[in-house]
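K.L.:
Residues 18 to 131 (my numbering) are what the sequence shown spells out, left to right.
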Amino acid sequence: MTALFAIGQPIFIGSYFAGTFEALGLHSAGAAALQGLGLLLPVAAGAVVAMRGRWWFLIWSVALFFLIHVQAILGYTRVLQLHVPVGVLTVGIAVAVAIASLRRGAGTPREAGR
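(1) Confirm, please, whether the CB-CB distance from I30 to L41 is below 9 Å.
(2) Which residues bound the alpha helix (DSSP H) around A113?
(3) Is there contact between the segment 113–121 and the segment 87–99, where contact requires at least three CB pairs shorter than 8 Å?
(4) Excluding the 5 residues preceding and the 5 following W77 in the sequence, name in chain order all residues of the same chain whose CB lies nearer than 6 Å to its CB.
(5) In this structure, how does DSSP classify T37 when only helix, strand and coil are distinguished?
(6) Quick one: which unbroken beta strand (DSSP E) runs of 3-plus residues sit fully inside the segment 22–85? Chain order, please.
(7) Between the C-alpha atoms of E39 and S45, what's the straight-line distance to the nearest angstrom?
(8) Does the segment 59–79 come into contact with the segment 101–108, if we say contact requires no fewer than three beta-carbon pairs (one atom in each stretch) closer than 8 Å?
(9) Expressed to the nearest angstrom, what Euclidean distance is found between the alpha-carbon atoms of L57 and G36?
If you want it as structure tokens, here you go:
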């Protein structure tokens, strides 16, 4: 879900740049939704790790949490020279985490002691 909302962000702002001015509101709403999802993602990842799931999910979820919030702050304060590249990084990590979590073996419990 986080990856889908992240992918929508450049689409919405691209529509705004193309002249659909209402798309800026969608971009802003998407940022708010991503911030909400960003709060839930580390909680879910913590539950996965507690059930002996893969530790990398928690690390990348926390990184994504911080990136989403930094991204929103940069956007709302109009620091666009950083907002755009951090946005590209955020979308890339969100998609990579989504793909990695769906791969074979991602749900395999880790061995005790690891």
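Each residue gets a CB set at the ideal place from its N, CA and C atoms; glycine is no exception.
Since this is a predicted model, take the numbers as computed values, not measurements.
P.N.:
Here's the rundown:
(1) Along the sequence shown, one-based indexing puts residue 41 at 24. Along the sequence shown, one-based indexing puts residue 30 at 13. In contact: L41 and I30 (Cβ atoms closer than 9 Å).
(2) Your numbering for residue 113 matches position 96 in the sequence shown. From DSSP, the alpha helix (DSSP H) with A113 extends over 97–119.
(3) no
(4) Numbered from 1 along the sequence shown, position 60 holds the residue referred to as residue 77. Same-chain partners within the cutoff: V114.
(5) On the sequence shown, residue 37 is found 20 positions in, with the first residue counted as 1. Three-state result, T37: coil.
(6) none
(7) Residue numbering aside, residue 39 sits at position 22 when the sequence shown is read from its first letter. Residue numbering aside, residue 45 sits at position 28 when the sequence shown is read from its first letter. If you take the alpha carbons of E39 and S45, they lie about 10 Å apart.
(8) no
(9) For the purposes of this step, residue 57 is identified with residue 40 of the sequence shown, where counting begins at 1. For the purposes of this step, residue 36 is identified with residue 19 of the sequence shown, where counting begins at 1. If I take the Cα positions, the gap works out to 34 Å.
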